[in-house]
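Trainee:
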Amino acid sequence: MKIIIIGAGEVGFHIAQRLSEENQDVVIIEKDPIKIREVQNVIDVQAILGSGTNPSALIEAGIKQSDMLVAATDSDESNLIACLYAQYLTDYITKIARVKNSDYMKHSEIFNQDFLNIDLIINPQSEMVSSMLRLIEVPEASEVIDFAEGKIKLIGLTIKDNSPLVGRKLSSFTDFEHVFLVGVIVRGEKVIIPGGCDTIQPNDLIYCVIHKENIANIFRLMNVREEGLGRIIIIGGGETGLALATSLDATTINTKIIEKDGQRCLELAEKLKRVVVLNGDGTDREFLLEENIADVDIMVVITGDDENNVLISLLGKALGAKKTVTRIGNLSYIPLISAIGIDTVVSPRLSAIRAILQFIRKGKVICVAPLKGEGAEAIELEALETSDIVNIPLSRIKFPKEAIIGAIVRGKEVIIPRGHNMIKPHDHLIIFALKGAIQKIQKLFTVKLEYF
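Residue numbers for the sequence shown follow my numbering, beginning at 19 and rising by one.
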């Protein structure tokens with residue numbers, strides 16, 4: 019498949035890098051010569067110096083022979099114009115546009131008109147708010163991803179010193195096997211697809227596959243306190259803060275939103291009913307103490323300034339906030355965050371990357387979620403009738419050591435698999451795999467992750 023990517027910023031660069039690693043034919047168009055050189059030095063793709071809003075650049079990139087256009091610049095207007103020209107130049111290309119301004123989404127029907135015919139609009143704010151709401155739904159987790167239309171949760175949990183799992187081999191989890199499976203262990207910078215002989219250690223970050231109905235039981239077995247959400251504080255009353263507050267406005271959760279701009283506070287107060295709007299500065303220690311930050315269950319920090327967000331989150335943790343969710347725009351900061359004591363990171367760029375990659379990998383692959391800086395992936399795919407692995411006990415399948423099947427979904431039934439279980443045609447499988455095992459998984463399941 020040939021894919022043209024407009025923009026070599028963080029979103030475009032990461033998408034191009036991932037697709038290039040998977041042997042896709044990728045062309046990237048970027049008007050900044052410095053970014054073009056970086057692409058040429060790092061990624062094995064064709065790089066064209068030019069603008070996606072210039073038809074000549076699109077023609078040079080081979081628009082008429084391409085299967086897909088991904089418009090991923092930081093300019094909404096440039097992305098939309100690139101899609102407009104692509105539609106004019108060829109009728110058969112699939113078009114994805116990254117659109118940050120939520121006002122455009124209020125008139126999304128325009129994008130389906132014949133003159134644009136955009137197949138997917140990615141709004142990073144909307145994707146990020148959905149991610150934050152999943153974290154709020156399971157506050158004990160550092161990451162929550164839905165699979166199988168929400169029937170299965172992929173939950174990231176940090177193992178504490180007093181956890182009953184510490185020191186135990188995974189093969190000893192006989193009491194748990196029927197309800198959850200540890201698919202990935204992150205230990206420091208090392209990402210592990212575990213086997214039965216692997217042992218859980220303090221401070222491990224484990225990714226578990228859990229049926230949504232068993233979450234409470236698992237937390238009790240793990241000695242993780244599952245408490246109802248009492249209070250949430252949102253720091254930052256921008257568009258993302260308003261979108262999150264609006265979603266929480268429809269719940270019974272005690273929520274406050276803090277914004278330092280007085281005029282913006284008035285605007286927020288007009289739009290929110292239950293959520294309390296406060297005029298204040300999240301970096302003000304005395305202000306946070308007055309708001310009893312130690313009694314807050316989740317502190318969501320989503321101002322537009324990364325450094326400010328990190329500072330506020332660290333201050334909140336120091337003052338007793340139970341959990342922080344921190345917005346980080348610069349992807350290069352993310353690997354450093356957990357090392358300095360911040361619980362969970364959300365990123366508009368990472369949300370956009372995930373949504374775009376998931377759309378590109380259509381067909382029998384339903385969902386792909388990168389884990390821990392993309393060192394591993396969780397993949398949901400459908401087993402084909404023609405695959406060599408169907409109707410055979412799992413214990414007899416030569417499965418890559420760098421991968422593991424976390425769950426089998428058969429209609430309404432969710433199976434946490436053991437060696438005697440068999441895969442049936444059209445089963446949905448949740449698979450954990452290190453990046454190096456992806457091609458082996460493709461071959462084993464006779465499915466190409468990238469084919470649209």
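Where is the CB? At the ideal position from N, CA and C, for every residue including glycine.
Keep in mind that this is a model prediction, so the values were computed, not measured.
By DSSP, does K274 sit in helix, in strand, or in coil?
Mentor: If DSSP states are grouped into helix, strand and coil, K274 belongs with the strands.
Trainee: Return the CA-CA distance between V328 and P411, expressed in angstroms with no decimal places.
Mentor: Roughly 49 Å between the two C-alpha positions.
Trainee: Would you say G298 and I275 are within 8 Å of each other, going by their C-beta atoms?
Mentor: Going by C-beta atoms, G298 is not nearer than 8 Å to I275.
Trainee: DSSP three-state call for K453: helix, strand or coil?
Mentor: Helix, per DSSP.
Trainee: Relative to the alpha-carbon of T301, which residue among D315, N326, N310 has its alpha-carbon at the smallest distance?
Mentor: Ranking the options by Cα distance to T301, first place goes to N326.
Trainee: Which stretch, first to last residue, makes up the alpha helix (DSSP H) that contains N119?
Mentor: Neither: N119 is in no alpha helix (DSSP H) and is coded neither H nor E.
Trainee: By DSSP's criteria, Q64 is part of a beta bridge. Which residues make up the other side?
Mentor: BP columns for Q64 point to V45.
Trainee: What does the Cβ neighbour count give for L467, buried or exposed, with the cut at 16 atoms within 10 Å?
Mentor: At L467, the pLDDT of 48 sits below 50, so the modelled position is not reliable; the number obtained from the coordinates is stated separately. Classification for L467: buried.
Trainee: Label S413 either buried or exposed according to how many other C-beta atoms from any shown protein chain fall within 10 Å of its C-beta, with 16 as the threshold for buried.
Mentor: S413 comes out exposed.
Trainee: Go ahead and label A104 buried or exposed: buried means 16 or more other beta carbons lie within 10 angstroms of its beta carbon, across all protein chains shown.
Mentor: Under this definition A104 is a buried residue.
Trainee: Which stretch, first to last residue, makes up the beta strand (DSSP E) that contains E207?
Mentor: Per DSSP, E207 belongs to no beta strand (DSSP E) and is neither H nor E.
Trainee: In this structure, what does DSSP give as the bridge partners for L175?
Mentor: According to DSSP, L175 bridges with I224.
Trainee: Taking its Cβ as the centre, do 16 or more other Cβ atoms sit within 10 Å of K461, making it buried, or is it exposed?
Mentor: Answer is exposed; the Cβ neighbour count stays below 16.
Trainee: Which value, in whole angstroms, describes the spacing of the CA atoms of T91 and P220?
Mentor: Approximately 41 Å, taken between the alpha carbons.
Trainee: Decide if R166 is buried, meaning its Cβ has at least 16 other Cβ atoms within 10 Å, or exposed.
Mentor: The residue asked about is misnamed: residue 166 is Ala in this sequence, not Arg. Burial call: buried.
Trainee: With DSSP as the reference, label H32 as helix, strand or coil.
Mentor: H32 falls in the helix class under three-state DSSP.
Trainee: Helix, strand or coil for E420 per DSSP?
Mentor: Note: E420 maps to coil in three-state DSSP.
Trainee: Answer with buried or exposed for D445, where buried requires no fewer than 16 other C-beta atoms within 10 angstroms of its C-beta.
Mentor: Label assigned to D445: buried.
Trainee: Decide yes or no for the touch test of the segment 219-238 against the segment 282-299: beta carbon pairs closer than 8 Å, at least 3 of them.
Mentor: Touching, no.
Trainee: Who are the Cβ neighbours of G359 in its own chain at under 8 Å, not counting the five residues just before and after it?
Mentor: Same-chain partners within the cutoff: L332, K335.
Trainee: Tell me which residues share the same chain as H438 and place their Cβ nearer than 8 Å to its Cβ, disregarding the 5 neighbours each side in the sequence.
Mentor: Excluding residues within five positions, the ones whose Cβ falls inside 8 Å are P411, L412, S413.
Trainee: How big is the Cα-Cα spacing for E420 and I61?
Mentor: Rounded to the nearest angstrom, the two C-alpha atoms are 24 Å apart.
Trainee: May I have a chain-ordered list of the alpha helix (DSSP H) segments no shorter than 4 residues that lie completely inside the segment 287-339?
Mentor: Entirely contained in the segment 287-339, the alpha helix (DSSP H) runs reaching 4 residues are, in chain order, 303-308, 324-336.
Trainee: Using a 10 Å radius around the Cβ and a threshold of 16 neighbouring Cβ atoms, would you call N180 buried or exposed?
Mentor: The residue is exposed, with fewer than 16 neighbouring Cβ atoms inside 10 Å.
Trainee: Is the beta carbon of E398 sitting closer than 8 Å to the one on I456?
Mentor: No.
Trainee: Mapping DSSP to helix, strand and coil, what is P411?
Mentor: The answer is strand: DSSP assigns P411 an E or B state.
Trainee: Using DSSP with H/G/I as helix, E/B as strand and the rest coil, what is R20?
Mentor: The identity of residue 20 in the sequence shown is Lys, whereas the question assumes Arg. The answer is strand: DSSP assigns K20 an E or B state.
Trainee: When DSSP labels each residue in this structure, what does I54 get in the three-state scheme?
Mentor: It is helical.
Trainee: How long is the line joining the alpha carbons of I252 and P418, rounded to whole angstroms?
Mentor: Rounded to the nearest angstrom, the two C-alpha atoms are 43 Å apart.
Trainee: Taking the alpha carbon of C101 as the point to measure from, which residue in S93, A89, Y110 has its own alpha carbon closest?
Mentor: It is A89.
Trainee: Check for me: the beta strand (DSSP E) holding L399 runs from which residue to which?
Mentor: Start and end: 394-400.
Trainee: Tell me the rounded alpha-carbon separation between I355 and G280.
Mentor: Using only the alpha carbons, I get a separation of about 31 Å.
Trainee: Which residues bound the alpha helix (DSSP H) around V147?
Mentor: Start and end: 142-155.
Trainee: Using alpha carbons as the reference points, say which of N310, V227, Q35 lies closest to V44.
Mentor: The residue with the shortest Cα to Cα distance from V44 is Q35.
Trainee: Apply the 10 Å Cβ neighbour rule to T71 and answer buried if 16 or more other Cβ atoms are within range, or exposed otherwise.
Mentor: Under this definition T71 is a buried residue.
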